[in-house]
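Read top to bottom, the protein sequences are chains A and B.
Mapped onto the numbering used here, the consecutive letters of the first sequence carry residue numbers 6 to 389.
Mapped onto the numbering used here, the consecutive letters of the second sequence carry residue numbers 9 to 192.
The C-beta atom is built at its ideal place from N, Cα and C for all residues, glycine as well.
Small disclaimer: the values here were computed from a predicted structure and weren't measured.
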Amino acid sequence: MKRMAIVGNHALSYGALLSRVQVIAAYPITPQTQVVELLSEMCADGTLKAEFVKVESEHSAMAAVMGASASGARAFTATSSQGLALMHEVLHWVTGARLPVVMGNINRAFGPPWSIWTEQTDSLSQRDTGWMQIYAQDNQEVLDSVILAYKVSEQLLLPTMVVLDAFFLSHTSEPVEIPDQEKVDEFLPPYENKYILNPDAPHAFGGLTNPEWYMELRYKIHKAHEEALDLIEKEGREFEKMFGRYYGLVDPYKVDDAETVLVAVSTAASTARHAVDLLREKGKKVGLLRIRVFRPFPYAKIKEILSNARKVIVLDRNLSPGAGGIIASEVRGALANLRNHPPVLSYIMGLGGRDITTKHIMELFEEAEKMEEGKDIIWKGVKL
Amino acid sequence: MIEIRFHGRGGQGTVVASKILADALTRDGKYIQAFPEFGVERRGAPVAAFARISDTKIWPRHKIYEPDHIVILDPTLIGAVPLLDGLKPGGWILVNTKKKPSELGFPEQYRVATVDATRIALKYRLGSAASPIVNTAMVGAFARVIPVVKLETLLDAIEEGVPIKPKENRAAAQEAYNSVIMEG
Numbered sequence: 006m007k008r009m010a011i012v013g014n015h016a017l018s019y020g021a022l023l024s025r026v027q028v029i030a031a032y033p034i035t036p037q038t039q040v041v042e043l044l045s046e047m048c049a050d051g052t053l054k055a056e057f058v059k060v061e062s063e064h065s066a067m068a069a070v071m072g073a074s075a076s077g078a079r080a081f082t083a084t085s086s087q088g089l090a091l092m093h094e095v096l097h098w099v100t101g102a103r104l105p106v107v108m109g110n111i112n113r114a115f116g117p118p119w120s121i122w123t124e125q126t127d128s129l130s131q132r133d134t135g136w137m138q139i140y141a142q143d144n145q146e147v148l149d150s151v152i153l154a155y156k157v158s159e160q161l162l163l164p165t166m167v168v169l170d171a172f173f174l175s176h177t178s179e180p181v182e183i184p185d186q187e188k189v190d191e192f193l194p195p196y197e198n199k200y201i202l203n204p205d206a207p208h209a210f211g212g213l214t215n216p217e218w219y220m221e222l223r224y225k226i227h228k229a230h231e232e233a234l235d236l237i238e239k240e241g242r243e244f245e246k247m248f249g250r251y252y253g254l255v256d257p258y259k260v261d262d263a264e265t266v267l268v269a270v271s272t273a274a275s276t277a278r279h280a281v282d283l284l285r286e287k288g289k290k291v292g293l294l295r296i297r298v299f300r301p302f303p304y305a306k307i308k309e310i311l312s313n314a315r316k317v318i319v320l321d322r323n324l325s326p327g328a329g330g331i332i333a334s335e336v337r338g339a340l341a342n343l344r345n346h347p348p349v350l351s352y353i354m355g356l357g358g359r360d361i362t363t364k365h366i367m368e369l370f371e372e373a374e375k376m377e378e379g380k381d382i383i384w385k386g387v388k389l
Numbered sequence: 009m010i011e012i013r014f015h016g017r018g019g020q021g022t023v024v025a026s027k028i029l030a031d032a033l034t035r036d037g038k039y040i041q042a043f044p045e046f047g048v049e050r051r052g053a054p055v056a057a058f059a060r061i062s063d064t065k066i067w068p069r070h071k072i073y074e075p076d077h078i079v080i081l082d083p084t085l086i087g088a089v090p091l092l093d094g095l096k097p098g099g100w101i102l103v104n105t106k107k108k109p110s111e112l113g114f115p116e117q118y119r120v121a122t123v124d125a126t127r128i129a130l131k132y133r134l135g136s137a138a139s140p141i142v143n144t145a146m147v148g149a150f151a152r153v154i155p156v157v158k159l160e161t162l163l164d165a166i167e168e169g170v171p172i173k174p175k176e177n178r179a180a181a182q183e184a185y186n187s188v189i190m191e192g
């Protein structure tokens, strides 16, 4: 084990290296470029024995890793924002074909107007593609999540997206423990799939399926997601035994006696943890629920943790125009079937990479103290 | 936790300076976040970089608005950019300049240190004569003024972390460490 200062982008690259990926196809886009740069160097100097396929677009990148995965190779790619949007068609195809591809996505706001800064709308708008989605809050979690993603994806034949904030992780240098290759090999066995493209044993894949059977295949995809809820936690514990770090579906902090609980993802959740500590010092009963895995959506965990709160605040650094915060809408959905559920205050903030500071988050808790009822949408910091 | 803001101009190696610091502190077993002002850099334009340093895991993840100390890699930024914004009283201002700290006229509530990093960079031929790269000299001076990292660790991190002239960069950092003037 080696401790090194690396940026979040390189944490993705090291995650792919240690997972011994066999095929990489990617197209560079700010702020993801460093991921591909380091992987191409690793392939060129022989550190990583993988096929690096140069492509002319993200659509082709995803198509190439889809083909690689279908032929039995462990495949990896990474992108951001417009690049992810261009992959959209193939994302659905990868899920339908039950291919355990893992990709990194650096959250970046959509243009126009042109932006290179963080916002979760790019990955959240791929919510219904059937990809599992993991949102990391530090560079260690980025690296570890790539390894964990392959472990879970390959057992269930579902793809996973490991998601991180532009700049706040992608370009931030911080200490990361790089696990030993032998230990990763012990945790993550080689990818094996009996349903592969093989000219010596021909099969038909993805052909026209009439209404008699299509629904059953979708049902099985959903069931695999339900299985993932248990498997992610089980593999998280196995990972902890070997590497000393646990990752689950959600990451609750000081929620047991909390009257107000804030729900957030990614680096905003990390900042919120600091805010919770400062407010606890002042005697405020506040807590944090970080959602780490957004798909499959951990309904049971969220209901269990939030049912004890008097108020729930959801911080969304994303927007579904005409509806509001995407995570807030899912959280409200999770709570709706509880008999007495707490009111939900839905905040939109930090779009296009606008900073979300500890002070901002403390203000959310202070505002919530004065509000007795939930609110469908509250804009924080808009200058209009 | 200590929070530091670096001010420089595009091309001086401000971002690399914060990365070298991250590497050195990581080697010392500390926690650090080092990150650039997130924008599109242009040569000569004012740039900033940030570092948080701690003995324990660091949770806040946003830009630094109230730094404990600031480091100025280019003296022509004084008066051109609001360098002291949010700087906490008692904090160090480390400046690359030929002048003595008392000649800079900073408010009395701050401690001031100066080092002629441009001269040192030129001496070791770091960058070009027209645009010397002062980052390694500045982190050398930094290690003296704000003793959060062992000098030896820093020198090793420089030697292994710079893209070219490892020995010269190491020597520049050592010379800056020895020659920085501290008042306050």
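Cross-chain neighbours of residue i in chain A, by beta carbon under 7 Å
i: B/R69; result: F173, T272, S275 and T276
i: B/Q41; result: T177 and E179
i: B/P44; result: H176
Where the beta strand (DSSP E) through residue i begins and ends
i: B/T105; result: It is not in any beta strand (DSSP E) - B/T105 carries neither H nor E in the DSSP assignment.
i: A/S18; result: Not the beta strand (DSSP E): A/S18 falls in the alpha helix (DSSP H), residues G13 to L23.
i: B/V59; result: First, the amino acid is wrong: residue 59 of chain B is Ala here, not Val. P54 to S62 is the extent of the beta strand (DSSP E) around B/A59.
i: B/T122; result: R119 to V123
i: A/T84; result: A80 to S85
i: B/R17; result: I10 to R17
i: A/T265; result: T265 to A269
i: A/D256; result: V255 to Y258
i: A/K364; result: Premise fails: A/K364 lies in the alpha helix (DSSP H), T363 to K375, not in any beta strand (DSSP E).
i: A/A55; result: Element bounds for A/A55: n/a, residue is neither H nor E.
i: A/H208; result: Element bounds for A/H208: n/a, residue is neither H nor E.
i: B/A137; result: Counting along the chain, B/A137 falls outside any beta strand (DSSP E), and DSSP gives it neither H nor E.
i: A/W384; result: K380 to W384
i: A/M354; result: Element bounds for A/M354: n/a, residue is neither H nor E.
Range of the contiguous alpha helix (DSSP H) that encloses residue i
i: B/L95; result: Careful: B/L95 lies outside any alpha helix (DSSP H) and carries neither H nor E.
i: A/F192; result: Q186 to F192
i: B/I28; result: T22 to R35
i: B/E191; result: No alpha helix (DSSP H) holds B/E191; the beta strand (DSSP E) holding it covers I189 to E191.
i: A/I34; result: That residue, A/I34, is in no alpha helix (DSSP H); it is neither H nor E in DSSP.
i: A/G72; result: E63 to A75
i: A/Y224; result: Y219 to F248
i: B/H70; result: Counting along the chain, B/H70 falls outside any alpha helix (DSSP H), and DSSP gives it neither H nor E.
Contacts that residue i makes with chain B (C-beta to C-beta distance below 9 Å)
i: A/H230; result: Within 9 Å Cβ-Cβ: nothing; A/H230 doesn't reach chain B, min ~29 Å.
i: A/Y360; result: What sits at residue 360 of chain A in the sequence shown is Asp, not Tyr. Neighbours of A/D360 on chain B, chain order: H70, K71 and Y73.
Under 8 Å by beta carbon: chain B residues contacting residue i
i: A/M9; result: D31 and T34
i: A/T363; result: P68 and H70
i: A/H279; result: W67 and P68
Beta-carbon neighbours of residue i, restricted to chain A and to distances below 9 Å
i: B/Y185; result: Under the 9 Å cutoff, chain A gives no residues; its nearest Cβ is about 21 Å from B/Y185.
Residue i: contacting residues in chain A (beta-carbon distance under 8 Å)
i: B/K27; result: A10 and S178
Per-residue burial, residue i [other beta carbons within 10 Å of its own, 16 or more giving buried]
i: A/G292; result: buried
i: B/P97; result: exposed
i: A/H208; result: exposed
i: B/G94; result: exposed
i: A/D235; result: exposed
i: A/Y224; result: exposed
i: B/I172; result: exposed
i: A/H227; result: exposed
i: A/T52; result: exposed
i: A/T82; result: buried
i: B/S136; result: exposed
i: A/N345; result: exposed
i: A/M6; result: exposed
i: A/W122; result: buried
i: A/F210; result: exposed
Neighbouring residues, chain B, relative to residue i (Cβ below 7 Å)
i: A/W119; result: Those within 7 Å of A/W119 in chain B number zero; the least Cβ separation is about 10 Å.
i: A/W122; result: F46
Any chain C beta carbon closer than 7 Å to residue i
i: A/L44; result: The structure shown contains no chain C; its protein chains are A and B.
| Complete runs of the alpha helix (DSSP H) confined to the segment 276–350 of chain A [at least 4 residues] | 304–311 and 331–340
Quick one: which unbroken alpha helix (DSSP H) runs of 4-plus residues sit fully inside the segment 150–177 of chain B? Chain order, please. 159–169
At least three beta-carbon pairs within less than 8 Å, the segment 304–315 of chain A to the segment 353–368 of chain A = no
Counting pairs of beta carbons, one from the segment 134–147 of chain A and one from the segment 167–183 of chain A, are three or more of them closer than 8 Å?
yes
_Please give me, in chain order, every unbroken run of the beta strand (DSSP E) with length at least 3 that falls completely inside the segment 124–182 of chain A._
137–140 and 165–170
(message) Is it the case that the segment 11–27 of chain B contacts the segment 98–105 of chain A, given that we only count it when at least three CB pairs across the two stretches are under 8 Å?
(response) no
| task | Could you say if the segment 55–71 of chain B and the segment 375–382 of chain A meet the contact criterion of at least three C-beta pairs nearer than 8 Å? | result | no
*Could you tell me whether the segment 211–219 of chain A touches the segment 266–281 of chain A, where touching means 3 or more Cβ pairs closer than 8 Å?*
no
Counting pairs of beta carbons, one from the segment 12–24 of chain B and one from the segment 143–153 of chain A, are three or more of them closer than 8 Å? no
Q: Take every Cβ of the segment 19–33 of chain A, pair it with every Cβ of the segment 52–61 of chain A, and state whether three or more of those distances are shorter than 8 Å.
A: yes
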